[in-house]
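Under my numbering, the sequence shown has 5 at position 5, and the numbering climbs by one with no breaks. Glycine included, every Cβ here is placed at the ideal spot set by N, Cα and C. Since the structure comes first, as structure tokens, the remarks are kept for the end.
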Amino acid sequence: MRTFYRGIVLLIGLCAMALQGTAAAELSKKERAEIRRFAANNSLFVLYHEIAHLLVDQLNLPVLGREEDAADNMATGLC
Ligand SMILES: [Zn+2]
1 MRTFYRGIVL LIGLCAMALQ GTAAAELSKK ERAEIRRFAA NNSLFVLYHE
51 IAHLLVDQLN LPVLGREEDA ADNMATGLC
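Structure representation (structure tokens):
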């Protein structure tokens, strides 16, 4: 459960960084949109990755190999 909260905190931090970039005024509208999309997609990946850890832990899902790889695979499948 602790990793889930860490993921939420990371997600909030990434969103804040994306919204408050100090150099944002120097970028074009298209560049800002790309940065927002990059941050949003990575934030979603982190959120899904941490939810995968939560599901493995809470539902006692069997994991073949490393749990980190399983969480990455689950997150990639959802993004
Ligand atoms: Zn992980």
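Going by the beta-carbon positions, is the gap between residue i and residue j smaller than 8 Å?
i, j, result
"A71", "A40", "no"
"H49", "A33", "no"
"V56", "E67", "yes"
Could you tell me if residue i is buried or exposed, where buried requires 16 or more neighbouring beta carbons within 10 angstroms of its beta carbon?
i, result
"L47", "buried"
List in chain order: all unbroken alpha helix (DSSP H) runs of 4+ residues lying wholly within the stretch 38-79.
67-78
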